[in-house]
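Participant: Right, I'll just put the structure down here and ask away after.
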Amino acid sequence: MDFSLIERDLRNAVSSAIGKSYPISWPNVSFTIPSGPFYRFSIQYGSNEVIAISSLKEQRATGIVTIQVFSESGVGTAKSDEMIYSISDKLDNKSFDYVRTRTVKKKIIGDCGNHYQVNLLIPFISDQQGD
Numbered sequence: 001m002d003f004s005l006i007e008r009d010l011r012n013a014v015s016s017a018i019g020k021s022y023p024i025s026w027p028n029v030s031f032t033i034p035s036g037p038f039y040r041f042s043i044q045y046g047s048n049e050v051i052a053i054s055s056l057k058e059q060r061a062t063g064i065v066t067i068q069v070f071s072e073s074g075v076g077t078a079k080s081d082e083m084i085y086s087i088s089d090k091l092d093n094k095s096f097d098y099v100r101t102r103t104v105k106k107k108i109i110g111d112c113g114n115h116y117q118v119n120l121l122i123p124f125i126s127d128q129q130g131d
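So in the working numbering, spot 7 of the sequence shown is number 7, and the numbers just go up one at a time.
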């Protein structure tokens, strides 16, 4: 299983969905938290299993992409809703080169310092052949 293909596919999909509208905090990349809206991206892997055996076994990796959406606190939910809906349609039940996403789930966290936080949880599957 080549996890770098999964990560590249998911990063590209998220970058394309978000565009240049707001900054994105990527894992292990220096980032200064802005006072305004921003996104934070992470991948949590679940299972990795063999799903078919032939000359090249087929493996399946599963996991969840988390996109944390941060908007200004104390001004209502319109901005966070706009940020969520502008990207969720582009990532909900989509197929990319190495990854298929499933239904986007929304989890409201609420006030978090100077920001209002909502998490998007996006389950994914990646099937790859290898030895």
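Glycine included, C-beta positions come from ideal geometry on N, C-alpha and C.
What does the Cβ neighbour count give for TYR85, buried or exposed, with the cut at 16 atoms within 10 Å?
Facilitator: Numbered from its first residue, the sequence shown carries residue 85 at position 85. So TYR85 counts as exposed.
Participant: Assuming GLN68 and ARG40 form a contact by the criterion Cβ under 8 Å, report the distance between their Cβ atoms to the nearest whole angstrom.
Facilitator: Taking the sequence shown and counting its residues from 1, one reaches residue 68 at position 68. Taking the sequence shown and counting its residues from 1, one reaches residue 40 at position 40. With a Cβ gap of about 4 Å, GLN68 and ARG40 count as contacting.
Participant: Between which two residues does the alpha helix (DSSP H) containing ASP89 stretch?
Facilitator: For this step, residue 89 is matched to residue 89 along the sequence shown. From DSSP, the alpha helix (DSSP H) with ASP89 extends over 78-91.
Participant: Let's see if you can read the secondary structure: which residues bound the beta strand (DSSP E) around ILE108?
Facilitator: If you number the sequence shown from 1, residue 108 lands on position 108. Element bounds for ILE108: 105-112.
Participant: Expressed to the nearest angstrom, what Euclidean distance is found between the alpha-carbon atoms of ILE125 and ASN12?
Facilitator: Here the question's residue 125 lines up with position 125 in the sequence shown. Here the question's residue 12 lines up with position 12 in the sequence shown. Distance between the alpha carbons of ILE125 and ASN12 is about 16 Å.
Participant: Is it right to say ILE108 is buried, meaning 16 or more other beta carbons lie within 10 angstroms of its own, or is it exposed?
Facilitator: Indexing the sequence shown from 1 puts residue 108 at position 108. The residue is exposed, with fewer than 16 neighbouring Cβ atoms inside 10 Å.
Participant: Quick one: Cα of ILE24 to Cα of PHE38, how far?
Facilitator: For the purposes of this step, residue 24 is taken as residue 24 along the sequence shown, with counting starting at 1. For the purposes of this step, residue 38 is taken as residue 38 along the sequence shown, with counting starting at 1. Roughly 6 Å between the two C-alpha positions.
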